[in-house]
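Student: One structure coming up, written as structure tokens, with questions to follow.
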Amino acid sequence: MAEMVVEEMSTRKVSSVMELLCGKSYSKSTVSEACKELDKKVKEFRERELDGSYPFLVVDATYFKVRENGRVISKAFMVAFAVNTEGHREIIGARI
């Protein structure tokens with residue numbers, strides 16, 4: 005669902021995916037509120053301060069076929085994760 009919010013999908017499309025995943029339908033206002041909350045969380049994640057040192061950085065991607073402007077194209081979903089000085093992996097970014 006977070007990916008749908010990041011991609012700015014319509015409320016109707018998000019609602020049908022939620023119905024498919026959860027097995028029940030949701031009102032437009034419920035879907036809208038869920039998207040607003042996710043928008044805040046995505047913004048907080050993207051704008052957070054990265055503390056400490058990261059001696060290792062890895063960026064990986066997976067590709068998805070998506071419909072855009074009436075055409076099906078391939079888009080990458082990239083994830084960056086780093087290993088901090090204590091050896092813990094941390095996702096530091098993700099972008100479509």
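If you read the sequence shown in our numbering, its first letter stands for residue 5, the second for the next number, and so on.
The C-beta atom is built at its ideal place from N, Cα and C for all residues, glycine as well.
#1: Should residue 70 and residue 82 be called a contact, given that it needs their Cβ atoms to be closer than 8 Å?
#2: When you compare only the Cα positions, how much space is there between residue 78 and residue 72?
#3: Over what stretch of residues does the alpha helix (DSSP H) that includes residue 43 continue unbroken?
#4: For residue 96 and residue 84, which I take to be in contact (beta-carbon distance under 8 Å), what is that distance rounded to the nearest angstrom?
#5: Excluding the five sequence neighbours on either side, which residues of its own chain have a C-beta within less than 8 Å of the C-beta of residue 26, listed in chain order?
Tutor: With the given structure in hand:
#1: Taking 8 Å as the cut-off, the Cβ atoms of residue 70 and residue 82 do not count as close.
#2: 10 Å
#3: 32-51
#4: 5 Å
#5: none
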